Amino acid sequence: MPADTDGSWQAPKPVPFKPGEVLRDKSGANPVPDERGLFVIHAVHLHTGKVLWFCGHAETLDYALVAYVFDPRNPAAAPVRKPFPNGADLFCCFCVQLRDGKILVVGGSQLDHLAGAVYNPNTDYRGSAGSSTIIVFDPRKEVWEKPDPKRKLLQGRWYPTAVALGDGSVVVVSGRRELAIFAGPDKWPDPQLTEWVTNHGIADVVEHLRPPKYVPEKVTGANRPIPIYPGIHLAPDDRLYTTHTTWGQEIDEPPTLSLTVQPPPSGAPKGTTATGTWTSYVLPTATAKQPQREEGMSVMLPVLLDPVTKARDPNTVGRFLVVGGGFAVDSAGVSLVRKPIIAGPPWTITVVARGTAAFHHHDIPAPEPVEILDTSLTGAPRWTAVPGLNHRRINSHCVLLPDATVLILGGHDSYKWNGSGRSPLAAAKSVPVTQPALEAVIYTPGGGFHVGAPLAHPRMYHSIAMLLADGSVIVAGGADPNEHEPSLAFPPSFNGRTYLGTSRLLAAAAGATTLVLDIRPSVYLAPFATMPAGTTVVIDRGPSEIRTTLAAQRTGVPGFSGFFLLDIATPLPRAILLGTRVDFEPATGSTTIPRVEEWLEDTTVVPARDEHVGYSMALNRKDYEIYQPPYFHKAGTRPVLPPLKPGEVQVKYGSTFKIRTPDAARITRVAIMRPAAVTHHTDTEQRFVELPFTAGTGTLSITMVPGTDSSLVPPGYYMLWILDGALPCVEARFIQVTGAPALRSPVVPVEVAPPPVVPPPAPPPGPSEEGGRHG
């Protein structure tokens with residue numbers, strides 16, 4: 005596995021966090037120490053070179069409501085903890101970079117409803133519904149700005165998508181709304197309930213946030229609900245296009261769409277808002293071969309110059325790579341997240357009982373792992389399949405690299421909560437299993453796919469990946485169904501939500517040979533499995549873990565319910581505390597042990613149905629890995645771009661600017677790349693645009709794109725890269741593109757068949773994904 009073709013991975017490291025987090029119950033009592041660490045779901049590459057990353061409550065897991073600023077250049081530095089302002093929960097929000105480099109955060113989770121003194125699981129949890137939060141993070145000061153109480157989204161949004169436009173304004177679409185109130189003194193009016201139910205609780209208003217205050221305004225004429233966390237990108241033609249990559253089919257997937265946002269006409273009265281029009285494309289050439297791309301990812305491909313003329317190559321403009329995704333359905337072919345609605349007042353939502361809406365299969369009539377959406381054609385966009393990636397990828401990442409390639413990594417081949425591929429219970433039951441995708445794949449536009457070095461751990465649902473300023477790629481988070489989430493020592497008097505932790509023991513003294521296992525319903529979804537003698541018992545898994553063998557499992561503790569007795573073969577070498585984690589590994593020839601998130605076929609009913617068996621939560625990984633692409637290992641030295649002087653950082657549209665480098669004579673390419681802001685494998689920020697330049701003695705004169713190209717290069721900060729062939733500079737420098745023009749008024753398109761595309765000459769035969777391994 006040569007590193008100069010496959011790249012290499014550094015060993016995983018824990019995500020830095022500050023110890024001492026405490027989880028409290030509804031009354032603020034019963035503090036529970038929480039040393040689980042930081043689970044990274046959201047991550048933004050700041051123009052300071054640092055990374056802002058965070059999670060939020062994560063539904064029932066109740067992680068701390070804090071973010072951290074991480075410096076990849078100094079990973080051992082003391083963690084910089086930044087609590088969310090005003091106790092907001094930013095879980096499942098969306099982030100974009102503003103024109104001044106600050107980070108705009110929109111949406112997230114509604115705070116839990118805390119009415120009443122006693123915890124009520126039916127009313128106290130609203131963490132999968134949308135909040136109207138708008139907050140801003142300042143990378144220079146490393147602080148959250150004080151929230152403006154008057155600046156709120158017009159609709160609550162959980163899993164929204166936001167896109168920065170060419171004038172520096174921001175458009176927000178989709179997201180699951182705040183929970184409707186169907187009864188009681190706070191009941192919503194019937195017209196509002198009708199709208200909520202009609203859209204299955206999905207936000208339908210397109211919101212426009214204009215600088216400098218970014219107060220939301222409704223885009224007139226653009227109401228339309230689309231599936232949550234939609235892949236939607238700003239194309240160079242000033243329109244936004246959807247790519248079918250979404251995160252839940254509560255509503256049907258629409259055809260390929262474009263959204264045209266037009267500013268108010270000149271002379272319009274004060275307060276007039278932008279208008280918007282959705283255009284549906286239904287021509288065969290404008291229809292994706294695989295529109296079922298739930299939990300897929302899309303990214304704009306690099307925009308390059310013709311190597312001969314040095315003019316922009318039109319064949320690289322407005323093209324979006326779309327990778328992976330599926331459509332998870334139950335045995336009736338219905339989306340797992342769709343809730344039946346009783347049609348007519350009084351409106352009600354029917355939540356399907358566990359066991360009847362379990363995963364059965366992916367409904368993909370025409371699988372196409374990779375397609376390209378070309379938005380540069382007149383009349384309608386065009387979809388083209390890209391062969392060579394021969395394995396399905398769900399929850400994967402697409403990361404643009406400075407050598408104009410795309411790194412595809414992470415994810416898995418089937419539904420995220422299937423039994424894991426190494427589960428003996430799943431194998432014995434012949435139920436669907438999910439195999440994580442460990443090997444990275446490098447895609448060269450026009451040149452195919454190459455398999456790279458494998459990850460150390462699965463990086464599946466809820467992971468992040470982004471390019472850093474030294475050209476490496478950082479990957480963090482991700483659910484790992486092969487492992488358990490660490491349990492917390494909730495006391496019996498805890499007046500609040502507990503999560504499905506791993507098996508927990510009561511306290512025991514050194515020398516004990518009988519352990520008490522807590523199996524109360526707050527811990528387990530399903531009846532606890534009976535384990536045979538010989539099962540390996542792993543107590544307090546980790547560096548100081550205790551391993552012994554199960555002699556017998558006995559049901560019940562006299563005078564108590566919800567406990568098992570475990571007789572172990574060897575006495576405890578040390579005392580254990582209340583809530584100590586215990587795991588089990590099968591005895592030789594056995595498969596009957598508690599497992600994480602299994603899908604089983606229940607044949608005791610007719611017809612047979614799929615059943616979800618979850619004994620505990622899948623592990624949310626609290627570590628990160630660093631990938632060094634092949635250019636780290638190729639022969640030759642990488643060019644050096646010295647730090648920019650203060651006056652060299654701001655660059656106006658259409659201007660020519662100079663930079664200093666001792667390697668000017670050997671530079672063959674200059675490019676700018678917009679830093680990532682990724683969550684749930686969705687990122688509207690990444691861009692790669694090559695710029696023309698001339699070389700002088702120790703200097704490069706570089707020409708920025710004109711203001712008419714501000715939809716190709718929206719205002720804000722970019723990494724500036726200089727390359728010698730395939731070797732990017734040792735470290736990119738951040739420049740700020742300024743002087744954005746006003747929002748343009750593109751014509752609303754009318755779909756017509758575009759002229760046929762003449763295919764380019766076929767590239768010479770190269771290795772496919774499966775054949776691309778060396779060594």
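With positions in the sequence shown counted from 1, the corresponding number in this note's numbering is that position plus 4.
For glycine and all other residues, C-beta sits at the position ideal for the given N, C-alpha and C.
All of these numbers come straight from a predicted model, not from anything done at the bench.
Beta-carbon contacts of residue i that lie in its chain and below 8 Å, excluding the five residues immediately before and after
i           : result
residue 143 : 50, 51, 52, 54, 56, 105, 106 and 107
residue 551 : 540, 541, 542 and 543
residue 418 : 330, 366, 396, 398, 436, 437, 438 and 439
C-beta contact flag for residue i and residue j at 7 Å
i           : j           : result
residue 835 : residue 46  : Outside the shown range of the chain, which is 5 to 779, sits residue 835, and nothing can be said about it.
residue 468 : residue 481 : yes
residue 372 : residue 294 : yes
residue 163 : residue 282 : no
residue 657 : residue 710 : yes
residue 70  : residue 87  : yes
residue 516 : residue 582 : no
residue 113 : residue 135 : yes
residue 376 : residue 308 : no
residue 401 : residue 685 : yes
residue 465 : residue 13  : no
residue 311 : residue 475 : no
residue 734 : residue 697 : no
residue 189 : residue 89  : no
residue 296 : residue 412 : no
Three-state secondary structure (DSSP) of residue i
i           : result
residue 18  : strand
residue 65  : helix
residue 652 : helix
residue 258 : coil
residue 35  : coil
residue 540 : strand
residue 247 : coil
residue 77  : coil
residue 8   : helix
residue 289 : helix
residue 24  : coil
residue 318 : helix
residue 555 : strand
residue 675 : strand
residue 713 : helix
residue 329 : coil
residue 187 : coil
residue 670 : helix
residue 729 : coil
residue 89  : helix
residue 72  : strand
Neighbourhood of residue i by C-beta distance below 7 Å, restricted to the same chain and skipping five residues each side
i           : result
residue 737 : 645, 647, 648 and 724
residue 404 : 303, 306, 410, 471, 677, 690 and 692
residue 153 : none
residue 559 : 568
residue 556 : 537 and 571
residue 337 : 367
Beta-carbon contacts of residue i that lie in its chain and below 6 Å, excluding the five residues immediately before and after
i           : result
residue 4   : Since the first residue of the chain shown is 5 and the last is 779, residue 4 is not available in this structure.
residue 8   : 634, 637 and 638
residue 380 : 321 and 322
residue 511 : 581 and 582
residue 22  : 83 and 85
residue 386 : 289 and 378
residue 59  : 43, 45 and 67
Heavy atom of the ligand NAD within 6 Å of residue i beta-carbon
i           : result
residue 461 : Here there are no bound small molecules, and the ligand NAD is not part of this structure.
Notebook entry, point to check: Counting pairs of Cβ atoms below 8 Å between the region 276 to 287 and the region 208 to 224, do you hit three or more?
Noted result: yes
Item checked: Contained beta strand (DSSP E) runs [length at least 3] in the region 190 to 229, N- to C-terminal order -> You should have 211 to 213 and 220 to 222.
Margin query: Under 8 Å, with one C-beta from each stretch per pair, do the region 714 to 731 and the region 673 to 691 reach the 3-pair mark?
Written below: The answer is yes - the region 673 to 691 touches the region 714 to 731, with three or more Cβ pairs under 8 Å.
Next item on the list: Mind listing, in chain order, the continuous beta strand (DSSP E) runs of no fewer than 3 residues lying wholly within the region 619 to 643?
Entry: 622 to 624 and 627 to 632
Notebook entry, point to check: On the three-pair Cβ rule with 8 Å, is the region 702 to 712 touching the region 657 to 673?
Noted result: yes
Margin query: My parser needs the beta strand (DSSP E) runs of 3 or more residues fully inside the region 435 to 500; what are they?
Written below: 443 to 448, 452 to 458, 467 to 471, 477 to 481 and 483 to 488
Check: What are the start and end residues of each continuous beta strand (DSSP E) run of 3 or more residues lying completely inside the region 107 to 157, in chain order?
Finding: For secondary structure counted as the beta strand (DSSP E) over 3 or more consecutive residues, the region 107 to 157 holds these complete runs in sequence order: 107 to 113 and 138 to 142.
Next item on the list: May I ask you to verify whether the region 123 to 139 touches the region 74 to 82, counting CB pairs closer than 8 Å and requiring at least 3?
Entry: no
Notebook entry, point to check: Any chance the region 175 to 188 sits against the region 233 to 248, with 3 or more Cβ pairs inside 8 Å?
Noted result: yes
Check: Which ranges does the beta strand (DSSP E) cover as unbroken runs of at least 3 residues, wholly within the region 374 to 424, from first to last along the chain?
Finding: 374 to 378, 386 to 389, 401 to 404 and 410 to 413
Item checked: the region 33 to 46 contacting the region 485 to 502, beta-carbon criterion three pairs below 8 Å -> yes
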